[in-house]
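Asks:
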Amino acid sequence: MLAIAIVFIPITVIGIFGNILVLLVIALNTQMHDSTSLFISNLALADLLFLTFCVPVTALSYVSKSWPFSDSVCYITVSLQYITCYVSVWTLVLLAHDRFVSITSSITGRSLRRCKVVFYICITVWLIVLALNSLQMRNVGVLRFEYNGIKGSACVDSLAIALTTASPLQARLFYWGFNLGAYLLPLTLSCAFYFLLVKEIWRQKLVQSKSSQKVKRHATRMVFVVILTFGFCWLPQNFRFFLQGLNYPQASFWEHNEKILLLVQSVVQTMAYANSCVNPILYGLLSERFRIAFRRTISRFLICLCPTLINPSLTPSPASFANNYSLQLQRNSLHPSNNSIRRPSSTVNFGGTTITTNLLTEYSNNRDNGWINNKINGLNNR
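Per full-length UniProt numbering, the sequence shown starts with residue 1, numbered consecutively.
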């Protein structure tokens, strides 16, 4: 159990940092203020909430081997797990539709891609998911039990199903409803949009310029990989739910052995949780625009936090100063008439050391970076 909790630590840290960075990149770079980026920010927000409030709580419950929190924390944690999952997968559907509209370029589609419209669409998704899950979340609670004389407790998705007081129909509506609403239906719609999108890209191949096609294909490929990753990571969890609904009220085959039950549960949860931390990595790997924005945003923060790392002292090093002087001499030799204007002063002050132009001229003939440093050190030691 401790090993599983330890695995959750890098998932949480990487995911929280990555999704915060995605939100900052989109917020601070005006060129990222478009429909696709807004949908991605909505996805990042859902992942961030999930990683911040759900994964650490689950890890602590694994370590303590019992539910260590109140009933209210159980309700909030389970509710957020389902809400963020639904918001994420339906945001992916909207992303697929957005890519399809960006390729078809219809007038109605362009109006749907306006930032203000996309913002209201994202809010609507959250409100609908909250409303639908409020009914389902009434059965969330802490199950208290005694096993081999030891009292324990666990936070469960449905007390009625855990106590086997729910009917088979109710259990299947719970499990298979999740399969349909949070996996099969949204992924089917996403694939349908991409099928139509590929057909449209193939049709436009002879019409649009290669540069225009390249930009659209990069964004389309990124969203497609994000959708495939979601489908892969959440497949074990949905398969587990399908079998639990099918076998209820009997236990599924892996639930008869405690070690197998723990293994299945840990693998399923780890894959589902990992999905929330890989999306920022995919954006950086697959989108050149995101990579540029990532670098720009990180540079801004580094400049603010430690400007000397990015922009060292404006005072040049002895070698670079001498190089500049040598270049000046070459320019003067090419333009003798300007010597009176371009000629440097006979002495310069560098870090409290007076350097003569003869010394700089001598350096220009030697062309050795170590030589000028030794000379200046000798002057300072006099």
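All C-beta atoms in this analysis are idealised placements derived from N, C-alpha and C, irrespective of residue type, glycine included.
Buried or exposed: where does Ile19 fall if 16 or more other Cβ atoms within 10 Å of its Cβ makes it buried?
Replies: Note on residue identity: the sequence assigns Asn, not Ile, to residue 19. Buried, since its Cβ has 16 or more Cβ neighbours within 10 Å.
Asks: Run through DSSP, which three-state label would Lys116 get?
Replies: Looking at Lys116 - three-state DSSP - the assignment turns out to be helix.
Asks: Just checking, does the region 82–92 make contact with the region 129–137 on the three C-beta pairs under 8 Å criterion?
Replies: The region 82–92 is in contact with the region 129–137.
Asks: Judging by CA-CA distance, which residue of Trp126, Thr165, Leu49, Ile260 is the nearest neighbour of Thr77?
Replies: Checked all of Trp126, Thr165, Leu49, Ile260; the closest Cα to Thr77 is Leu49.
Asks: Tell me the rounded alpha-carbon separation between Val117 and Ser111.
Replies: Taking the straight line joining both Cα atoms gives about 8 Å.
Asks: Considering only their Cβ atoms, is the gap separating Ala96 from Ser37 smaller than 8 Å?
Replies: No, the pair does not count as a contact, with Cβ atoms beyond the cut-off.
Asks: Taking contact to mean 3 or more Cβ pairs, one atom from each stretch, closer than 8 Å, check whether the region 59–66 and the region 195–203 are in contact.
Replies: Because the criterion of three Cβ pairs below 8 Å is not met, the region 59–66 and the region 195–203 do not touch.
Asks: Taking 8 Å as the threshold (C-beta atoms), are Val22 and Pro236 in contact?
Replies: Taking 8 Å as the Cβ cut-off, Pro236 and Val22 do not qualify as a contacting pair.
Asks: Got a sec, what are the start and stop residues for the alpha helix (DSSP H) Arg144 sits in?
Replies: Premise fails: Arg144 lies in the beta strand (DSSP E), 141–147, not in any alpha helix (DSSP H).
Asks: How many Å lie between Phe8 and Tyr183 at the Cα?
Replies: Approximately 23 Å, taken between the alpha carbons.
Asks: Quick one: what's got a C-beta closer than 6 Å to Val223's C-beta in the same chain, skipping five residues either side?
Replies: Contacts found: Leu95, Arg99.
Asks: Please list the segments of the beta strand (DSSP E) lying wholly inside the region 126–208, counting only runs of 3 or more residues, in order along the chain.
Replies: As far as the region 126–208 is concerned, its whole beta strand (DSSP E) runs of at least 3 residues are 141–147, 150–156.
Asks: As an exercise, report each continuous alpha helix (DSSP H) stretch of at least 4 residues that is fully enclosed by the region 245–311, in chain order.
Replies: Correct list: 258–286, 288–305, 307–310.
Asks: Report yes if the C-beta distance between Val89 and Phe294 is below 8 Å; otherwise report no.
Replies: No.
Asks: Rounded to whole angstroms, what's the CA-CA distance from Arg240 to Ile150? Just pull it up for me.
Replies: Near 28 Å, if we compare the C-alpha coordinates of Ile150 and Arg240.
Asks: Below 8 Å between beta carbons: does that hold for Ser276 and Leu51?
Replies: Yes, these two residues count as a Cβ contact at 8 Å.
Asks: Flag this pair as yes or no: are the beta carbons of Thr12 and Leu43 separated by less than 8 Å?
Replies: Contact flag unset, no.
Asks: Apart from the five residues on each side of it in sequence, which residues of its chain come closer than 7 Å, Cβ to Cβ, to Cys233?
Replies: Cβ neighbours of Cys233 beyond the five flanking positions: Met271, Ala272, Ala274, Asn275.
Asks: Which value, in whole angstroms, describes the spacing of the CA atoms of Asn339 and Ile292?
Replies: Reliability of the predicted coordinates at Asn339 is poor, the pLDDT of 46 falling under 50, and no value is obtained from them.
Asks: Which stretch, first to last residue, makes up the alpha helix (DSSP H) that contains Ser66?
Replies: Note, Ser66: premise wrong, no alpha helix (DSSP H); not H, not E.
Asks: Using CA atoms only, rank isn't needed, just tell me which of Trp126, Ala219, Ser102, Phe290 is closest to Leu45.
Replies: Residue Trp126 is the option with its Cα nearest to Leu45.
Asks: Do Cys54 and Val140 have their C-beta atoms closer together than 8 Å?
Replies: Cβ atoms of Cys54 and Val140: not closer than 8 Å.
Asks: Residues in the same chain with beta-carbon distance under 8 Å from Phe178, minus the five sequence neighbours each way, listed in chain order, please.
Replies: Same-chain partners within the cutoff: Tyr82, Asn238, Phe241.
Asks: With Thr91 as the anchor, note down where its alpha helix (DSSP H) starts and where it stops.
Replies: Segment 71–104, the alpha helix (DSSP H) holding Thr91.
Asks: To the nearest angstrom, report how far apart Ser287 and Asp71 are at their CA atoms.
Replies: In a straight line, the C-alpha of Ser287 is about 43 Å away from that of Asp71.
Asks: Using the C-alpha atoms, what's the distance from Asp157 back to Phe174?
Replies: So the alpha carbons of these two residues sit roughly 10 Å apart.
Asks: Do you know how far the Cα of Leu228 is from the Cα of Ile4?
Replies: Distance between the alpha carbons of Ile4 and Leu228 is about 25 Å.
Asks: Please go through the same chain and pick out, in chain order, the residues whose beta-carbon is closer than 6 Å to the beta-carbon of Tyr283, but skip the five residues on each side of it.
Replies: Excluding residues within five positions, the ones whose Cβ falls inside 6 Å are Phe290.
Asks: Give the range of the alpha helix (DSSP H) segment to which Thr30 is assigned.
Replies: Thr30 -> no alpha helix (DSSP H), and no H or E assigned at all.
Asks: Assuming Ile161 and Ala154 form a contact by the criterion Cβ under 8 Å, report the distance between their Cβ atoms to the nearest whole angstrom.
Replies: About 13 Å; that fails the 8 Å criterion.
Asks: Helix, strand or coil: how does DSSP classify Cys54 here?
Replies: Coil.
Asks: Using 8 Å as the threshold, is the C-beta distance between Leu60 and Thr297 below it?
Replies: Contact flag unset, no.
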